[in-house]
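Student: Numbering (my numbering), first residue to last: -9 to 708. For every residue, glycine included, the Cβ atom is placed at its ideal position computed from N, Cα and C. Quick one: structure below, then a few questions.
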Ligand code: BDP
């Protein structure tokens, strides 16, 4: 053997030896689509059930569906699955075999599927059928998830369809690849190299989205640049649309309202001006030429300095309807954001969205969806549901959640947002419609269109995706992307069940893992609420970057960008009075809801200081005075994180070393920052009320001034 041969042989042997180890190291890139081998001795004999995959018709989506199924089964069950079974996928239109089965597909709608196990002459055939190709693709992901979560796949007969029509990610991505409120690296859109170079990552992005039913992406920030609508950028967006199309994902763009001036050479952007209207029509035509299935526009207008129709004395409806006219003939929609609050308005900021939009109910075109944040302020760790839900029966309203954790510890804090979203979706608006006196008219039923019979329904999530290897900045933040998709598909879904699926697919289906991991996830958001903003407190973080505690933030440009505006603490008490004695924001809710929020005996204490200003000595339900209760909750939040650390340590046997170590490190950061939140908040409020700490509570280790002096000049996300 020549030395070079010997060397090659040695390398090969070493490679073989190292291979299993290397394969086990994971960085999170594969998300919940890891398809790792099913353990020997699994309850179900998946190899026998799954079998071979029948050929499919030659369409882009069916080819993708079949390839994903092959990939998934090969990973989960190995290449050889000769148990005799067969998997048949397709639509009646493309497969005579499926047509002959005459399966009831109506309930699967345009994007859902039916999966049924049949017996064909003693042979097991699993049929994944749908009316459309993309329905088949969704069915494939569902089928694979059954194996991934170790559920039975024989004797299947299940049908599923999305309850919400537009299930969209909103990327707050800028053209220079920075991401507003992004904590996972840069934007994955490499605008500079597009359209010629399409990163293979775009395909994996599309796969991940399709696997949870997301069917659209707004590519650019709501604080938009007109450049996105110029010919070169339309070509770039078209290249992305081409990649996404087989996965049933459409592209949308945020449109800057003043584009007619900036890129159209006009003197005005007045929505009633004929030249402006012609500009938008021509722009829409140009986009649809490049992207025939373009989804439409998302608009932030007259909000936080963005231009809008009010600059010309026109209304939000005027602006939205003009754009709706432009995209309407092509089947496009306009998502018009209700996140508006005005500079000049001295009124409670929580009231302003409702005040601006409610008078225009029924005035928006049918292809407009007014996109409303879950709460009336701004993606806080906890907010009562936005009062517009239930109050706009004649206007399509869509939900906007924030997946990225601008106000919940960025990507280093573990906070599973499923319970937060579920809490909002299950909140009862008591709008007339469902049961007696409006009972059962939940936000979910507004959003899925059942309550008011909306012609178009939407759930949007501000994406947490970036160039980080693990996509979301942390392993557990992937769960928020996943949960958003699942809840957009079914707003009635249980966030706990969703967490269980995610944990099983992403880490391990072993119940000894999923049990504690899911419990940790389910409690994680409440922990954040406790150590940051307990009992209805809100918007108390550092100015503008929103990192860390800043209850002392005061002064500056505008009152409602300060913390003192929101907590209103003084020597006597704390909280924002939004009852009839105060700003009367409660009056924007249906009477039974308003009554409950107003009544100290009935309000849930989680919302207490959102609606009430109370003396520090106010007796809470625990029997403790408010101050003691508050301090207790801050400390409880820190203890919860310590509990999460202990849980995670115990889960080491079920998780690969690389991901386990990353989560461990992040939890240590979270523990330190939870403590910082607690200490700084306690120090500040104590400086206001001069009260002693409750017995057993440790004093903050630093002076208030020390906390106030901390600076964070290079915070990500701004
Ligand atoms: C706030 C963010 C800001 C966004 C704004 C919005 O701090 O960066 O531009 O919302 O939703 O949460 O438009």
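1) Check whether the segment 77 to 96 and the segment 163 to 170 are in contact - that is, three or more C-beta pairs closer than 8 Å.
2) So which of 372, 330, 336 has the shortest CA-CA distance to residue 360?
3) Please report how far the alpha carbon of residue 714 lies from the alpha carbon of residue 340, in whole angstroms.
4) What do you get for residue 294, buried or exposed, if any count of 16 or more other CB atoms within 10 angstroms of its CB means buried?
5) What are the boundary residues of the beta strand (DSSP E) that residue 149 is part of?
6) Which residue comes first and which comes last in the alpha helix (DSSP H) that contains residue 633?
7) Count the C-beta pairs between the segment 469 to 488 and the segment 513 to 524 that are closer than 8 Å, then say yes if the count reaches three, no if not.
8) What's the call for residue 718, buried or exposed, on a 16-neighbour Cβ count within 10 Å?
9) Under a three-way DSSP split, which group does residue 701 fall into?
10) Got a sec: does the ligand BDP put a non-hydrogen atom nearer than 7 Å to the Cβ of residue 213?
11) Between residue 11 and the rest of its own chain, which residues show a CB-CB distance below 6 Å, the 5 nearest in sequence each way excluded?
12) Assuming contact is defined by CB atoms lying nearer than 8 Å, are residue 621 and residue 687 in contact in what I supplied?
13) Which residue marks the beginning of the beta strand (DSSP E) containing residue 390, and which one marks its end?
14) When every heavy atom of the ligand BDP is checked, does at least one fall within less than 7 Å of the C-beta of residue 368?
15) Taking 7 Å as the cut-off, is the C-beta of residue 661 nearer than that to any heavy atom in the ligand BDP?
16) Mapping the DSSP letters down to three states, classify residue 695 as helix, strand or coil.
17) Whose CA, out of 673, 215, 343, lies closest to the CA of residue 625?
18) Comparing the CB of residue 294 with every heavy atom of the ligand BDP, is any distance shorter than 7 Å?
19) Would residue 46 be called buried (16 or more neighbouring beta carbons within 10 Å of its own) or exposed?
20) Would the beta-carbon of residue 702 be found less than 7 Å away from any heavy atom of the ligand BDP?
21) What does a CB cutoff of less than 6 Å around residue 351 pick up in its chain, not counting 5 residues either side in sequence?
22) Looking only at its chain, what residues have a beta carbon closer than 8 Å to the beta carbon of residue 223, apart from the 5 residues adjacent to it on each side?
23) Residue 505: which of 374, 640, 591 sits nearest, CA to CA?
24) Suppose you measure from the CA of residue 314 to the CA of residue 286; what does that come to, to the nearest Å?
25) Look up residue 239 in the DSSP assignment and say whether it is helix, strand or coil.
26) For residue 607, is the classification buried or exposed, using 16 other Cβ atoms within 10 angstroms of its Cβ as the cut-off for buried?
27) Among 564, 20, 592, 233, whose alpha-carbon lies nearest the alpha-carbon of residue 679?
28) Do the CB positions of residue 571 and residue 338 come within less than 8 Å of each other?
29) Distance, Cα to Cα, residue 138 vs residue 460?
30) In three-state DSSP terms, what is residue 351?
31) Please classify residue 311: does DSSP put it in a helix, a strand, or coil?
32) Within the segment 259 to 307, note down every full beta strand (DSSP E) run reaching 3 residues or more, in order along the chain.
33) Is the CB-CB distance between residue 214 and residue 246 below 8 Å?
34) Let's see if you can read the secondary structure: which residues bound the alpha helix (DSSP H) around residue 223?
35) Can you tell me whether residue 367 is helix, strand or coil according to DSSP?
36) Could you give the first and the last residue of the continuous beta strand (DSSP E) run that contains residue 79?
Tutor: Working from what's here:
1) no
2) Within the chain shown, the letter at position 370 stands for residue 360. The shortest Cα separation from residue 360 among 372, 330, 336 belongs to 330.
3) The shown model of the chain, from -9 to 708, leaves out residue 714, and the question about it has no answer.
4) Counting from one through the chain shown, the residue named residue 294 turns up at place 304. Under this definition residue 294 is an exposed residue.
5) Taking the chain shown and counting its residues from 1, one reaches residue 149 at position 159. Run containing residue 149: 147 to 150, per the beta strand (DSSP E) assignment.
6) In the chain shown, counting from the first residue as 1, residue 633 sits at position 643. Per DSSP, residue 633 belongs to the alpha helix (DSSP H) from 616 to 640.
7) No, they do not touch.
8) What the structure shows of the chain is the stretch from -9 to 708, and residue 718 is not part of that stretch, so it cannot be assessed.
9) Within the chain shown, numbered from 1, the residue matching residue 701 stands at position 711. It is coil, neither helix nor strand.
10) Here residue 213 refers to the residue found at position 223 of the chain shown. Indeed, a heavy atom of the ligand BDP lies less than 7 Å from the Cβ.
11) Sequence index remark: in the chain shown, residue 11 carries index 21 (1-based). In this prediction, residue 11 scores a pLDDT of 40, lower than 50, which makes its location untrustworthy; the coordinate-derived value is nonetheless stated afterwards. Cβ neighbours of residue 11 beyond the five flanking positions: none.
12) Here residue 621 refers to the residue found at position 631 of the chain shown. Here residue 687 refers to the residue found at position 697 of the chain shown. Yes.
13) Translated into positions along the chain shown, residue 390 becomes position 400. Its beta strand (DSSP E) spans residues 387 to 392.
14) In the chain shown, residue 368 corresponds to position 378, counting from 1. Yes, the Cβ of residue 368 comes within 7 Å of a heavy atom of the ligand BDP.
15) Residue 661 sits at position 671 when you count from the first residue of the chain shown. Flag unset: Cβ of residue 661 not near the ligand BDP.
16) As a working note, residue 695 is residue 705 in the chain shown. Three-state DSSP puts residue 695 in a helix.
17) As a first step, residue 625 must be located in the chain shown, where it is residue number 635. Of the candidates 673, 215, 343, the one whose C-alpha sits nearest the C-alpha of residue 625 is 673.
18) Against the chain shown, residue 294 aligns to sequence position 304. Under cutoff, so the answer is yes.
19) If you number the chain shown from 1, residue 46 lands on position 56. With a 10 Å radius around the Cβ and a threshold of 16 neighbouring Cβ atoms, residue 46 comes out buried.
20) Taking the chain shown and counting its residues from 1, one reaches residue 702 at position 712. No, Cβ of residue 702 sits at least 7 Å from all heavy atoms of the ligand BDP.
21) Locating residue 351 in the chain shown gives position 361, counting from the first residue. Closer than 6 Å at the Cβ level, and outside the excluded window around residue 351, lie 382, 384, 385.
22) Sequence index remark: in the chain shown, residue 223 carries index 233 (1-based). If we look at residue 223 and ignore the five residues flanking it on each side, its Cβ neighbours are 165, 181, 217.
23) Within the chain shown, the letter at position 515 stands for residue 505. When each option's Cα is compared against that of residue 505, the closest is 640.
24) Position 324 of the chain shown, counting from 1, holds the residue named residue 314. Position 296 of the chain shown, counting from 1, holds the residue named residue 286. Approximately 9 Å between the Cα atoms of the pair.
25) Position 249 of the chain shown, counted from the first residue, corresponds to residue 239. Of the three classes helix, strand and coil, the one that applies to residue 239 here is coil, per DSSP.
26) Sequence index remark: in the chain shown, residue 607 carries index 617 (1-based). Classification of residue 607: exposed, given that the 10 Å Cβ count is below 16.
27) Start at 1 with the first residue of the chain shown, and residue 679 comes out as number 689. Out of 564, 20, 592, 233, 564 has the C-alpha closest to the C-alpha of residue 679.
28) Counting from one through the chain shown, the residue named residue 571 turns up at place 581. Counting from one through the chain shown, the residue named residue 338 turns up at place 348. Cβ distance not < 8 Å, so residue 571 and residue 338 don't count as in contact.
29) What you label residue 138 is simply residue 148 of the chain shown in a count that begins at 1. What you label residue 460 is simply residue 470 of the chain shown in a count that begins at 1. Their backbone Cα atoms lie some 20 Å apart in a straight line.
30) Start at 1 with the first residue of the chain shown, and residue 351 comes out as number 361. The answer is coil: DSSP assigns residue 351 none of H, G, I, E or B.
31) Counted from its first residue, the chain shown places residue 311 at position 321. The three-state reading of DSSP puts residue 311 in helix, counting H, G and I together.
32) 286 to 289
33) Working through the chain shown from its first residue, we reach residue 214 at position 224. Working through the chain shown from its first residue, we reach residue 246 at position 256. Closer than 8 Å, so yes.
34) Indexing the chain shown from 1 puts residue 223 at position 233. 221 to 234 is the span of the alpha helix (DSSP H), which, as asked, contains residue 223.
35) For the purposes of this step, residue 367 is taken as residue 377 along the chain shown, with counting starting at 1. Of the three classes helix, strand and coil, the one that applies to residue 367 here is coil, per DSSP.
36) Walking along the chain shown from the start, residue 79 turns up at place 89. It spans 76 to 80 - the beta strand (DSSP E) in which residue 79 sits, taken as one unbroken run.
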